[in-house]
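Residue numbers (full-length UniProt numbering): 1 to 288. All residues carry an ideal CB built from backbone N, CA and C; glycine is no exception. Since we're looking at a predicted model, the values are computed, not measured. Presented below is the structure to which this report refers.
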């Protein structure tokens, strides 16, 4: 009896029922796969939304911290982010550091420096210490020092300045009278004065924002004189101010500004080191 049932072929009704069950299974499998895909898409969108929210919060906190420590100068669209930095700061590196977006400088930041009289002002661009801290693997500690000395202090009309640049890392420099960048010597000096007219000295009556001294700092240079992995470009410029002298006269003096104009190609915060130093993003060909 049992053997007869096994050997007996399926009837047409049974085959039809089996086909309907197979079609139903295929439909359920398709629905389940579609449901899994939708769930994955929802998870990805949620992660992107959370990441965007965190970035916005970091940006807001960064802007609020900058506004709390900002000393605004004359009303100008280029000076919405001025930092009055007249002391050299240092970052302790005795323990692992985690660098976030608010710890890194951004293009558009302007550092303002008043010049003591008598005396001098040191502006230091470095990796983990200085007036401008980059936290970049392309920058050395004490990468570039800008030493500003007031001159002709007895002049009651306008004060002159000697600006000396000293480097320990690679620096490309473009003066207002030059059309191209040149690789900076270990030390270069120029003057900002209305009365200095020596042919043997480089002198500018003023250095406005529209014609600044352009400074690029970075790591290794390629054979064509460009930075291999990336660079920071700063613009050094001055503005006239009226200051009262000991005798009670008002004379023209200058405030110095250093604007972070560009970071190329940018920070790769995902590959930061344990001591809080961040490399540049990988470059996909092309020229600087």
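On a CA-only basis, which of the options is nearest residue i? Give me that one, please.
{"i": "residue 246", "options": "118, 205, 42", "result": "118"}
{"i": "residue 171", "options": "44, 103, 221", "result": "221"}
{"i": "residue 111", "options": "27, 229, 239, 248", "result": "239"}
{"i": "residue 203", "options": "173, 163, 230", "result": "163"}
{"i": "residue 260", "options": "31, 105, 129, 28", "result": "105"}
{"i": "residue 217", "options": "176, 252, 132, 237", "result": "132"}
{"i": "residue 180", "options": "215, 152, 208, 161", "result": "215"}
{"i": "residue 229", "options": "282, 200, 156", "result": "282"}
{"i": "residue 243", "options": "22, 109, 156", "result": "156"}
{"i": "residue 278", "options": "99, 46, 159, 248", "result": "99"}
Can you tell me where the beta strand (DSSP E) with residue i in it begins and where it stops?
{"i": "residue 107", "result": "Run containing residue 107: none; DSSP gives neither H nor E here."}
{"i": "residue 212", "result": "Careful: residue 212 lies outside any beta strand (DSSP E) and carries neither H nor E."}
{"i": "residue 126", "result": "121-126"}
{"i": "residue 145", "result": "144-151"}
{"i": "residue 238", "result": "231-244"}
{"i": "residue 255", "result": "250-264"}
{"i": "residue 227", "result": "Residue 227 -> no beta strand (DSSP E), and no H or E assigned at all."}
{"i": "residue 161", "result": "160-167"}
{"i": "residue 192", "result": "187-192"}
When the cut-off is 8 Å and only beta carbons count, does residue i lie next to chain D?
{"i": "residue 246", "result": "No chain D is present in this structure, which holds just one protein chain."}
If you draw a straight line from the C-alpha of residue i to the C-alpha of residue j, how long is it?
{"i": "residue 135", "j": "residue 113", "result": "21 Å"}
{"i": "residue 101", "j": "residue 280", "result": "14 Å"}
{"i": "residue 28", "j": "residue 49", "result": "31 Å"}
{"i": "residue 211", "j": "residue 125", "result": "21 Å"}
{"i": "residue 262", "j": "residue 108", "result": "8 Å"}
What does DSSP give as the partner residue(s) for residue i in the beta ladder?
{"i": "residue 82", "result": "110"}
{"i": "residue 299", "result": "Lying before the first or after the last residue shown, residue 299 is absent from the chain, which here runs from 1 to 288."}
| request: Say whether the region 146-158 touches the region 264-274, bearing in mind that this needs 3 or more beta-carbon pairs closer than 8 Å, one atom from each stretch. | output: no
| If you pair each beta-carbon of the region 224-232 with each one of the region 188-199, do three or more pairs fall below 8 Å? | no
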